[in-house]
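Colleague: Chain order of the listed sequences is D, G, R, H and S.
Sequential numbering of the first sequence, starting at 1, is according to the working numbering.
Sequential numbering of the second sequence, starting at 1001, is according to the working numbering.
Sequential numbering of the third sequence, starting at 2001, is according to the working numbering.
Sequential numbering of the fourth sequence, starting at 3001, is according to the working numbering.
Sequential numbering of the fifth sequence, starting at 4001, is according to the working numbering.
Note that beta-carbon positions come from the ideal geometry of N, C-alpha and C, so glycine has one too.
Note that the structure is a prediction, hence the values are computed from the model and not measured.
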Amino acid sequence: GGSGNGGGAAGGSDSDGGATQGGTLTVSTSFVVNSLDPGQVYEATGALAVHAMYDTLVTFEGSDVTTPVPLLAESWEVNDDATEFTFTLTDGAVFSDGTPVTAEDVVFSINRLHNLQGSPAVTVEGLSASSPSEGVVVVTSEQSNPNVPTILAMPAAGILNAEATEAEGGTAAEDAASADAATEFLNGESLGSGPYVLDSFDPASEIVLTANPEYWGETPGYQRIVISNVEAETQKLTMQRAEGDQIALDLSGRLLEDLPESVQVSASQDTFYFLTLHQDPAISEITSNPDFVRALRASIDYDGLAALFGEDALPAAGMVPTAFPGALPESEAQQQDLAAAADHLEASGITDPTVELMYPAITYRGVDLGTIATKIQFDADQAGIEIVLDPQPIASFLEAQTAGEVPFRFSPQSLNYPVAASLVNNFAPGQASATRTGWTEDRASEEIIAAGAAVQSAPDAESQISAIQDWQHLLNEDSPYVTLAYNSGVVAATETIANAEYSPAGWQVDLRAVAPQ
Amino acid sequence: MTALLEVENLGVHLPGDMPVIHDATLRVDEGEVVGVAGESGSGKSMTASALLGLLPPGARTSGAARLHGVPQPGGSGTSTVDLLGLRGAEWNRVRGTEIAMVFQDATASLHPMLSVGRQLTEHMRVHLGMDKSAARRRAVELLDRVRIPDPDRALRAYPHQFSGGMRQRVAIASALACHPRLLIADEPTTALDVTVQAGILRLLDELRTETGLSVLFVTHDLGVLASLTARSYVFYAGRVMETAPTPELVTRPRHPYTAALLRARPHADESWDQGARQPLQSIPGSPVTPATAPPGCPFAPRCTHAIEECTTAVPTLSAAGPAGHELACVVRPDVTEALA
Amino acid sequence: MSIEPRTDDVVAQTDDRVDRALGRRRWAGRLRLSQIHSTWRQPSVVLAMVLLAAWVLAALLAPVLAGQDPIAQSGDLYMPPSGAHWFGTDELGRDVFARVVHGARLSLPLAVIIVACALAIGGLLGLLAGYLGRGFDEAIMRITDLVFAFPQIILAMAVAAAFGPSTQNAVIALVIVSWPVYARVIRSAVLSIRSSDFLAASRLLGVGPWRALRKDVLPNSVGPAVVLATLELGNAVLMLAALSFLGLGPRPPAPEWGAMIAAGSKDLSIWWVSVFPGLAILTVVLAFNVIGDALRDRLDPRYAKGLS
Amino acid sequence: MSTTTTSPASTVSRSAARRLRVGGYALGAYLLRRLVITAVLLLGVTAVTFLLVQLVPGDSMTATLSEAALQDPEIVAAYRERWGLDEPVHVQYLVYLQNVLTGDLGVSQQTGRSVLGDLMTYVPATLEIAVPAMLLSLLIGVAVGLYAAVRHGRAGDQVVRAGTLLGLSTPPFWLSLVVLYVFFFVLGISPSGGRLSTYWVPPEQVTGVMSLDALLAGEPAMAWDAVQHAVLPVLVLTVLTVATLVRFVRSAMLEVLDQDYIRAARAKGLPGRTVLLSHVLRAGLVPVITVSGLAFAALLSGTVLVEQIFSWPGVGQYAYRAAAALDMPAILGVSLFVAVVYTVVNLIVDLLYGLIDPRIRLS
Amino acid sequence: MSEQQAALEVTDLEVTFRSRGRGTVHAVDGVSLSVARGEVVGLVGESGCGKSSFARAVVGLERVSGGSVRLDGREVQPVGWRVRSDVRVQMVFQNPYSSLNPRRTIGSQIRDGIPADVADPEADVADLLERVGLGAEAATRYPHQFSGGQRQRVAIARALAPRPEILIADEPVTALDASAQAQIVTLLTSLVRDLDVGMLFISHDLALVRQIADRTAVMYLGRIVEDGATDTVWGDPAHPYTHALIDAIPRISAQATLPETLAGEVPDAAHVPTGCRFRPRCPSAMDICAEDPPVVRLGDRHAACWLHIETKEKHHV
Ligand SMILES: Nc1ncnc2c1ncn2[C@@H]1O[C@H](COP(=O)(O)OP(=O)(O)OP(=O)(O)O)[C@@H](O)[C@H]1O
Ligand SMILES: Nc1ncnc2c1ncn2[C@@H]1O[C@H](COP(=O)(O)OP(=O)(O)OP(=O)(O)O)[C@@H](O)[C@H]1O
Ligand SMILES: [Mg+2]
Ligand SMILES: [Mg+2]
């Protein structure tokens, strides 16, 4: 039966559960969810839901993404060169069907994630799991990688009930990419050990989670969580007239203005927006010209651009958003310098350059990317650079991006996992993203290659931070990337909700922790 | 004979102040078949429409049209009603029960999607208060009366299942359903073949002799006029030009217009059997409407007898010759000779 | 007596009725200059002409009239309407008034291009289908059926999405979805002319089929096409705006009305960003519709009665 | 719309003419002919959509597979095989057709669910607003159209005429925004979007129509909430459709009013109301029915934009998302659905003709 | 008149229409007719008997499904996808409002028909317009500037432009006013005689045909039932149908007399009776009428009727 009431009073009032449990929590966000299979999940809303349904070995608490804390693993050890991680599983964890969580399940889940070769598989590239003894899981990395616990905290590394998954056609074998058939099932039912289970999934309108009655930990905060697909502008209206327990996830910038006092807002700058210029002269003589890149870099009105995202966005100083250790200080934010832009342009030897800027025609975190692109176009024009905008449907954009032949593109970017070094793994010369922009090692300066290597080989967190700052300084000098601004992920919640804190960990808000106040 | 309908100085203006009928005066006696003739656009249909209040919306009328012997609403006695003064629902006292109408195109005047039975009985039930079966019985009688074979079957049929002549018979039956005293027939045979036309003319004649029905018969065919009607009016440009007992009118016309009309038609007259073949004589010029008519006599520009005075003075209808022969002509030449 | 269906005339009548109900007028008269003149004297039409003329003028004089550059991001963001910015400023601080005025430079010519192309393609195919008949007619009609089986906007959307968003592709998409209407209208006009006595008379005099097509058929079938085209101009403005609204129209920073509405729709509190372009669309389309409607009335005397 | 006017108007002389020519032959033969035509049409629809999808630069693979996986030819090949992307185009098409014939519309690449299943969820949602809007439009359309025809040329008619022209000229997405702004943002008397307030647990899908399902589940308050959510979308769709309908009804009725048989009915002394309701309306209904069929198709296309703004999870939104994501099975599924609706509606219209007009009654 | 050399020779002409739901209609079913130069032949019959179909087939506008149409021994060329080079048979249509192209000047429409070898076509057009009683200046005007009668004059001028030898007039005055009718008929007959053109004049106005035709043919349900010199046909009809037609015409006389009626109705052309088609309505029907009646020659005329078979010799044409 329905737990709501038509009177419009808070749906949080309890009708048939325990005293501490709330009724329905509504999370409004504008989403395109492709899958709720942990092995396939790669965008924010999917991560949000999967995180609530599937326990991981370790996790993060609140907005702190620096210290992994135990979840299914009660403890872990790492060898000296950070290639072997040994996790000891906690006792008593059970899946939603009541069967206990075993080391086999963990091994199965991590290997399946790897072998499925879905989008999130990049994070576990080079990792493999095994279980030497009952209750123990060993994860080995081909290279030294101190961030393995962080990676294993990601929703994609959620632990599935291996037996049940296999019964639905799932497999963790090498050929999982083509042989696994469990995804469709997992889009309708969850097979995890988390506090919530999947009730229904409608990719267009909503994901409904209900409390897992078998949950082995603390009773979840709500009986029911509805993740509702709502455009940002409507989310704002909803928050203004909130009825019941409501969370909105896309209210960044301007949309936060004139919200009622009672709404609690938690934010963290974990996203950056950047331009990518292809370095292969065969693709474009213009974008591969370093002086042209410098001219463009100098032409951007960084303050004005950041203002488009709203008050709490910042002009970018480097590639690492401020939410993460290793970000450059605000004082180093880039500045528009039209005179310098003119000089650079002259130095480039290109007159009246015209370039086409491709970007996905989407609204991201309440901001229309077209608006930002138009601003870039206008700024560049001030420096005598003509930009023709080329908005593309997201699918076409991704395809073109992957094909690696787009001369000039614009997109938002967040981290694969909440460690600044993950950016180096992706954007350093020769790495995946860099390759797609023609930034091979031979086209990059030795200095920058060395700086990247320094980040990866940093022995401890502190030295890694300074290494990554050096790396960013070099990128700002000479790289195919123009980082434009940082924007926040925001959680806006009604005052009746506790622990509605934004987490840069990838799941935005920890639904496991959210509860009525 | 007592007058049933008297129309005096009827004038009709269509919206946009366009005159279409001008001072038309005519009379129908009880049990009389009266003809109205004239060229196309002379206002014959407008006159008929005015008498049933079916003029286009926004039309204005002047003059009077008195219908005598209309039963009082209460049921006691009768009175005279000025048709031009009726408004809205008042018309339902007259339409169907006192005056009924048959249109030129029977195909168009029967509802294509309603059964013949429905169209014959619906107004009976309204006006005569009949129940379904009584109305049906009367409908069968009516169809029989207008010579429709197998009336029971015909009641269930739809108009498109009948031929043109049969449809016109159905339309007549429908018009007669509520015992009207006056039937206005607006060119009911123009669209029909001669053989079919003959049948309809005979039917109307029978109805007159058997039931004493009065008929106002509109046509542009003087031959039809001659075979059916006792008295006739000739219209031109919304005016009555001449009126006389029909045999007199067609054999001894007094008005140059009437004479010209007769000369322009092929001679299917008494000389038919002698096979005389004379050239047709057309009327010079083309017809005018009241809106385009010149001052004076509207026919003057086309009239071979016209004199100066014709272009200034509007001739009025006045007696000429024996028993009810009247004409509107200033000159009044002897035009009969030319016909021979 | 015969109680038998006489199907032929029944079908003919019913066809005719349906045709008329659908606005597919069987072409009988011709659109005369005098008729157009008297059409122009109706107050509503005069008003529509004035409105349209104002928009055309606005399009021509946009740089002067707007006072500001429609793409200059010079003002403050999200300023409500004021003396400095009559229609306020948008999310990039651009002057909404300047953008609305400049929008006419985009929408009006594009609508004309769309209608002209659709008219040319649909008109030619309809003309030939009606005149040649048989196989060609059948083929063209089946293709139009096919296009009609898709809802206009969905097909246009799919085409535009497939080719990628741009002015040119939006125009192509809209031409693809709108030519069949012309083909149908012209075809039915041609069909009625094909069975007309004056064409028969021409052919009897020894006029060849192609010359007759040019001299007798073509001039008499343009009337309904002109009316339809006028009404479709409005429709083209609407559809173009709809595609733009969905992000499938001219690329930014073009001041396209639909795209402007889309920008405003992101935040209802900045109503001026979407209300004014919406009103612009409304008035332009209304003007086209009023004029097209009056022309149609003129072509069909049945309606003219009520107007004079 | 041009069916709307006109546009609708706009628009099917050929098939309208053809479909009436049914007097002589039997219902069976007629239906058979119609089925063949429908089949050919559907075949055409699939072919066109398929072709369109082939023209599209992107495919779904990149959206699904990781970059590392995309570099691996084996994985790519396996993926292509799984979705049949490795076959030549015409083979892919034949495979698709074969599947469609067995009721399998494939799996949406975007939602990962069967397209048929998706349609079953979204179609009722669309019908929930489209059908009431259509009924409302018909009701208002016939009443107002008849009124305007009767008051032909007078003030009432002019007002109606102006109103309908205004309705035809209003961009639907803009109107949606305006009503949302006024009723939700300013007045706060309507919900913002979606089918149901989130604090309700949606009822089990029986009919797929939220308010009915809520009633079946014994939750009148929830049904009321569902109705409130539907009001604005229905309103906008009605405004869009009603203008076309009013204009058609008006012209159809004007034509009928001008007929001799109406004059004849009045000459018989029938009360004005009887003439209007049983004579005029009956005759005028034939073209109105035709137009309603077309108007319903136009209305369905109008849902794309309206659903978008009211966050209404219907086929319109599904279609838009599918187009934006170039989700081939979904696009094909929606196209088929719409084509089926189009032909079925036309068939119903034809059968209705036979009921109303004895002249074209099927023997 | 039958001695005259016939220019137009129609033999056993058949025109068939196939339509869904109605079946096959033999609109014209074996009609033979000839028209000589300078001669006016009237063709009368009730609505739907096939007069127009016959006329259109003769000029080549309708597909002929049997028989032949010859002009001076040469087949008349049908109107098709080729330019028609033989224009010696022309037609005047019933509706003067639809038989002229509203978008072209009168002059240009008439000029279409002027033979290519005419030195000064403009003068020719002017001459034709004068002939039909319109001024030469009419050439520059459009059809809508003329009345119905005037348009019919234009149509006649146009039909005469290519110097035809035969004119087919399909109810050319039915749509006109009584006085305009008289004008047009007078004009047509005088032109035909002046130019030595043969004319087939189709009408359902029997009195009018009687007035102008040299010979009259009476058509019933796709067949000619009687044809001969007009005065003979009307003075002493040989076929009962002709008789009935004549008796049904309302007469003008001092004593009102109702016209005679004819029993029954014209059957549907798709379901014609066997044998003599007039049999079901014929007052003098006999058993033998169930067989196809022979065409009997009676002096200078023919009749398809069994009544005359005992007394007169039998002819099969
Ligand atoms: N609905 C109308 N609107 C405007 N003028 C009209 C209308 N109906 C008739 N008229 C005009 O009114 C005049 C009289 O028409 P009416 O129909 O009475 O002529 P009629 O004598 O019946 O002609 P016909 O023999 O052609 O039926 C004509 O000049 C005609 O043009
Ligand atoms: N195009 C056609 N298709 C089908 N049947 C036709 C066609 N044209 C004529 N007919 C039929 O052929 C028969 C003869 O028609 P036709 O028009 O030749 O008669 P008509 O004597 O000219 O009649 P009217 O006096 O009414 O003009 C009729 O039954 C008619 O229904
Ligand atoms: Mg009349
Ligand atoms: Mg004919």
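Counting only runs that start and end within the region 3232 to 3264 of chain H, where is the beta strand (DSSP E) found for 3 or more residues in a row?
Modeller: Runs of the beta strand (DSSP E) inside the region 3232 to 3264 of chain H: none found.
Colleague: Within 8 Å, do at least three Cβ pairs link the region 415 to 423 of chain D to the region 320 to 327 of chain D?
Modeller: At 8 Å Cβ cutoff, the stretches touch.
Colleague: Expressed to the nearest angstrom, what Euclidean distance is found between the alpha-carbon atoms of residue 1047 (chain G) and residue 1061 (chain G)?
Modeller: Whole-angstrom Cα-Cα distance: 10 Å.
Colleague: Which residues of chain B have a Cβ atom closer than 9 Å to the Cβ of residue 3271 (chain H), listed in chain order?
Modeller: Of the chains in the structure shown, none is chain B; the protein chains are D, G, R, H and S.
Colleague: Heavy atom of ligand 1 less than 7 Å from the Cβ of residue 944 (chain G), yes or no?
Modeller: This structure does not reach residue 944 (chain G), given that chain G is present from 1001 up to 1340, and the question cannot be answered.
Colleague: Check whether the Cβ atoms of residue 518 (chain D) and residue 341 (chain D) sit closer than 8 Å, and answer yes or no.
Modeller: Past the boundaries of the shown model lies residue 518 (chain D); chain D is included only from 1 to 517, so the question cannot be answered.
Colleague: Closer than 7 Å: is that where the CB of residue 4014 (chain S) sits relative to any heavy atom of ligand 6?
Modeller: In terms of ligand content, the structure shown lacks ligand 6 and carries ligand 1, ligand 2, ligand 3 and ligand 4 instead.
Colleague: Within this structure, are the beta carbons of residue 531 (chain D) and residue 339 (chain D) separated by less than 8 Å?
Modeller: Chain D is shown only over 1 to 517; residue 531 (chain D) falls outside these bounds and no answer can be derived.
Colleague: Using a Cβ-Cβ distance under 8 Å, would residue 3321 (chain H) count as near chain G?
Modeller: So no, residue 3321 (chain H) is outside the interface.
Colleague: What does the alpha-carbon distance come out to for the pair residue 3188 (chain H) and residue 237 (chain D)?
Modeller: Going by the C-alpha atoms only, they are around 10 Å apart.
Colleague: Taking the beta carbon of residue 4149 (chain S) as the centre, do at least 16 other beta carbons fall within 10 Å, making it buried, or is it exposed?
Modeller: It is buried - the Cβ of residue 4149 (chain S) has at least 16 other Cβ atoms within 10 Å.
Colleague: Between residue 2135 (chain R) and chain H, is the shortest Cβ-Cβ distance under 8 Å, so that the two count as touching?
Modeller: Chain H contact via Cβ: absent.
Colleague: Buried or exposed, going by whether 16 or more other CB atoms sit within 10 Å of the CB of residue 23 (chain D)?
Modeller: Buried, since its Cβ has 16 or more Cβ neighbours within 10 Å.
Colleague: Relative to the C-alpha of residue 2177 (chain R), which candidate in R:2129, R:2165 and R:2235 has its C-alpha closest?
Modeller: The candidate whose alpha carbon is nearest that of residue 2177 (chain R) is R:2235.
Colleague: Taking the beta strand (DSSP E) that residue 487 (chain D) falls in, what are its first and last residues?
Modeller: From DSSP, the beta strand (DSSP E) with residue 487 (chain D) extends over 481 to 493.
Colleague: Can you tell me which of G:1045, G:1327, G:1069 and G:1112 puts its alpha carbon nearest to the alpha carbon of residue 1248 (chain G)?
Modeller: Of G:1045, G:1327, G:1069 and G:1112, the residue nearest in Cα terms is G:1327.
Colleague: Return the bridge partner residues of residue 4215 (chain S) from the DSSP annotation.
Modeller: BP columns for residue 4215 (chain S) point to S:4041 and S:4229.
Colleague: Below 7 Å, is the gap between the Cβ of residue 4170 (chain S) and the nearest heavy atom of ligand 4?
Modeller: Because some heavy atom of ligand 4 lies under 7 Å away, the Cβ of residue 4170 (chain S) counts as near it: yes.
Colleague: Regarding residue 1056 (chain G) and ligand 1, is the C-beta to nearest heavy atom distance less than 7 Å?
Modeller: Because some heavy atom of ligand 1 lies under 7 Å away, the Cβ of residue 1056 (chain G) counts as near it: yes.
Colleague: So with CB distances below 7 Å, who are the chain G contacts of residue 3140 (chain H)?
Modeller: In chain order: nothing, as chain G lies at least about 24 Å away.
Colleague: What's the gap between the Cα of residue 3172 (chain H) and the Cα of residue 2228 (chain R)?
Modeller: Distance between the alpha carbons of residue 3172 (chain H) and residue 2228 (chain R) is about 21 Å.
Colleague: Using a C-beta cutoff of 8 Å, does residue 4059 (chain S) count as contacting chain R?
Modeller: Yes - at least one Cβ of chain R is within 8 Å of the one on residue 4059 (chain S).
Colleague: Taking C-alpha atoms, which residue in H:3214, H:3146 and H:3308 lies nearest to residue 204 (chain D)?
Modeller: Looking at the Cα atoms, H:3308 is the closest of the given residues.
Colleague: How would you list, in chain order, the residues of chain S whose beta-carbon sits under 7 Å from the beta-carbon of residue 2235 (chain R)?
Modeller: Chain S residues near residue 2235 (chain R): none, gap ~27 Å exceeds 7 Å.
Colleague: List the residues that DSSP assigns as beta-bridge partners of residue 4302 (chain S).
Modeller: The partner list for residue 4302 (chain S) (beta bridge, DSSP) reads S:4227 and S:4297.
Colleague: What do you reckon, is the C-beta of residue 1224 (chain G) under 7 Å from a heavy atom of ligand 1?
Modeller: Result no, Cβ not under 7 Å from ligand 1.
Colleague: Got a sec: which bits of the region 2263 to 2275 of chain R sit with their beta carbon under 8 Å from any beta carbon on chain H, in order along the chain?
Modeller: Per Cβ criterion, the list reads 2264, 2265, 2268, 2269, 2271, 2274 and 2275.
Colleague: Nearer than 7 Å: is that true of the beta carbon of residue 3942 (chain S) relative to any heavy atom of ligand 2?
Modeller: Here chain S comprises residues numbered 4001 to 4317, so residue 3942 (chain S) is not present and cannot be evaluated.
Colleague: Just curious, the alpha helix (DSSP H) that residue 1027 (chain G) is in, first and last residue?
Modeller: No alpha helix (DSSP H) holds residue 1027 (chain G); the beta strand (DSSP E) holding it covers 1018 to 1029.
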